[in-house]
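These notes are about the structure you will find just below.
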């Protein structure tokens, strides 16, 4: 018996000002509605255009739970198409990435499509004559998503033809993408290194919330980062601090550090931690890098770009990026209790290799299925997914540093340990869950 | 090791013993098998050749391996409450290279590795490549490389050592 599908009031009741009902994490009907609504009407990160540099290059992924393919057309434009043959539903590309040449060819019955999705032809065409084929869904070819937009190389798509415009959806939050791209002396990023894929038995929103949860690192990561700090203390005096310790140690910063770090809130659920300072601010300088930046931008501008040390920027619904270390994580929903986390890394074009080396080390130490920091986090998510089955209390508390005027604020900056970003996400969530097309 | 150079049997026994130390959670002893500049590498890509500018699941020196070992017994290591266990089923190691003059020995060992925690048991299939050298009369690991058959698959937690 559906409880939420035709009942916007019931959905609104799940999200209170300072707490949310457990069903947002564990209920499969709510999950199905999220796929139909949140992941359909909002702009979801698809991929980066450096993954498909040439016409005919494709990258296959999912938006919500739907298979899509991002492809570069002969005119250079990037299209995002449903990865589904209009004939029998076969996924038109089976590999994650590759090159199709001038057209897609379905491996089942050899229907062919241009890289903008339009149908070229079917074998034995005469069999469709006088059947009204031109009026069929199939004749339209590979369906395009509702809208796609490339912003400084980052490809986003909205599945629905209806919903907010790209600009209205992201607003000033795009400044975090700007800063990451500006960190390249050439103003250009390319996906590099390879993607880490980590399966989580928990709801996708637990991961999204954790990106702005600054009261957990010194607790949950005491076992990993804390141990790293302790082991490092035993090194002989004068030993150069290794890159790995530079990466681990700031996780153990005290509450005060995170409070002063600050959080900035944007509309539609976006936010970033690290307004004034961040755990990425104290890494060793990379030889030669500043000079390259100063040559490209001038000293003052180069300094301004590199002084911006945003920690985690969360783009609602399911993406996070770290400008100072050129890393992006995508939380791909599979079911209410299962999420695939992809962690992508970028090379700053024309910058020293050492930056990519550090990016990859960070990803390996923090985001891999073999990462001790990852183990700490996943243990908490999975315990939460289990714990929420308890009937003792159906509510999850999100009221740290709550202010009654939050909903009216635009581009506010607040205390770095506030749970406002989570409340902000759930306000956006409730909005999209109850939006009528 | 009885002579000045390791015999094939010495190399084979070394690899067996390494697996046994891991299965018995004798991690401190296991760490002593590594040379001071030794590395443990688990590539992410099939046939990967570079560990620096290509992502890996693990690429760790002795400091990082030591942190892991210390963490496994930590009082607040909640992902190890309860603890994981592991089991190596390995073929007899193949001697890939024996170069006494360069003090370099390479073995190649197909294996099935099982890691368990609570009610979950996960099976991995992999090949371990050990690059060894003799230091002070003892074989030491210069590089242990673990290539998973499905290195690029999405995994849940892998908390111990293959």
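Chains as they are written, first to last, in my numbering: chain A, 1 to 437; chain B, 438 to 599. Positions of the beta carbon are idealized from the N, C-alpha and C atoms, including for glycine.
**Message:** What does the alpha-carbon distance come out to for the pair residue 78 of chain A and residue 50 of chain A?
**Reply:** 11 angstroms
**Message:** Assuming residue 424 of chain A and residue 269 of chain A are in contact, meaning their beta carbons sit under 8 angstroms apart, how far apart are those beta carbons, in whole angstroms?
**Reply:** 6 angstroms
**Item:** Partner residues on chain B for residue 242 of chain A, Cβ-Cβ distance less than 7 angstroms
**Value:** 500
**Request:** Please decide whether residue 372 of chain A counts as near chain B, where near means a Cβ-Cβ distance under 8 angstroms.
**Result:** yes
**Prompt:** Near residue 264 of chain A, what residues of its chain come up, given a Cβ to Cβ distance below 6 angstroms and the 5 sequence neighbours on each side ignored?
**Reply:** 272, 275 and 413
**Prompt:** Under the rule that 16 or more other beta-carbon atoms within 10 Å means buried, what is residue 536 of chain B, buried or exposed?
**Reply:** exposed
**Request:** Reducing DSSP to helix, strand and coil, say where residue 92 of chain A ends up.
**Result:** coil
**Item:** Burial state of residue 42 of chain A, where buried means 16 or more other Cβ atoms lie within 10 Å
**Value:** buried
**Interface residues of chain B facing residue 197 of chain A [CB-CB closer than 8 angstroms]** = 589, 590, 591 and 592
**Item:** Contact under 8 angstroms by Cβ, residue 68 of chain A with residue 58 of chain A
**Value:** no
**Item:** Beta-carbon spacing of residue 502 of chain B, residue 468 of chain B below 8 angstroms
**Value:** yes
**Message:** To be precise: take each residue of the stretch 481–509 of chain B, compare its Cβ to all Cβ atoms of chain A, and keep it if any distance is under 7 angstroms. Which residues remain?
**Reply:** 481, 482, 489, 490, 491, 492, 493, 494, 495, 496, 500, 501, 503, 504, 505, 507 and 508
**Prompt:** Closest Cβ-Cβ distance between residue 513 of chain B and chain A: below 8 angstroms?
**Reply:** yes
**Message:** Measuring straight from C-alpha to C-alpha, what distance separates residue 438 of chain A and residue 489 of chain B?
**Reply:** Residue 438 of chain A is absent from the model: chain A starts at 1 and stops at 437.
**Cα-Cα separation between residue 453 of chain B and residue 369 of chain A, rounded to whole angstroms** = 26 angstroms
**Request:** Answer with yes or no whether the minimum CB distance from residue 438 of chain B to chain A is below 8 angstroms.
**Result:** no
**Request:** Have a look at the DSSP bridge pairing and note the partners of residue 365 of chain A.
**Result:** Note: residue 365 of chain A sits in no beta bridge, so no partner.
**Prompt:** Given residue 618 of chain B, which residues of its chain have a CB within under 8 angstroms of its CB, disregarding the five upstream and five downstream residues?
**Reply:** Look at the range of chain B in this structure, 438 to 599, and you will see that residue 618 of chain B is not part of it.
**the stretch 336–369 of chain A: positions lying closer than 7 angstroms to chain B by Cβ** = 340, 345, 353, 356, 357, 360, 363, 364, 368 and 369
**Message:** Which residue marks the beginning of the alpha helix (DSSP H) containing residue 233 of chain A, and which one marks its end?
**Reply:** 227–233
**Message:** Considering just the uninterrupted stretch of the beta strand (DSSP E) at residue 121 of chain A, what are its terminal residues?
**Reply:** 119–121
**Coarse secondary structure for residue 12 of chain A, derived from DSSP in three states** = helix
**Message:** Using C-beta distances below 8 angstroms, list every residue in its chain close to residue 99 of chain A, excluding the 5 sequence neighbours before and after it, in chain order.
**Reply:** 54, 56, 57 and 58
**Message:** Please return the same chain residues whose Cβ sits closer than 6 angstroms to the Cβ of residue 251 of chain A, not counting the five positions on each side in sequence.
**Reply:** 217, 221 and 225
**Pair within 8 angstroms by beta-carbon distance, residue 113 of chain A and residue 103 of chain A** = yes
**Helix, strand or coil at residue 339 of chain A [DSSP, three-state]** = strand
**Request:** Using the Cα positions of residue 589 of chain B and residue 581 of chain B, report the straight-line distance between them to the nearest angstrom.
**Result:** 19 angstroms
**Prompt:** Cα separation between residue 1 of chain A and residue 7 of chain A?
**Reply:** 12 angstroms
**Message:** Need the endpoints of the alpha helix (DSSP H) that residue 417 of chain A sits in, please.
**Reply:** Unbroken run through residue 417 of chain A: none, as it is neither H nor E.
**Message:** Check this for me: beta carbons of residue 12 of chain A and residue 153 of chain A, under 8 angstroms apart or not?
**Reply:** no
**Request:** Evaluate residue 182 of chain A with the Cβ neighbour count: other Cβ atoms within 10 Å of its Cβ, from every protein chain shown; 16 or more gives buried, anything less gives exposed.
**Result:** buried
**Asked** Does DSSP classify residue 280 of chain A as helix, strand or coil?
**Response** coil
**Request:** Just the C-alpha distance for residue 375 of chain A and residue 405 of chain A, rounded to the nearest angstrom, thanks.
**Result:** 37 angstroms
**Message:** Taking 8 angstroms as the threshold (C-beta atoms), are residue 176 of chain A and residue 321 of chain A in contact?
**Reply:** yes
**Asked** In this structure, what does DSSP give as the bridge partners for residue 397 of chain A?
**Response** A:19
**Prompt:** Do you know offhand how far residue 593 of chain B's Cα is from residue 371 of chain A's?
**Reply:** 11 angstroms
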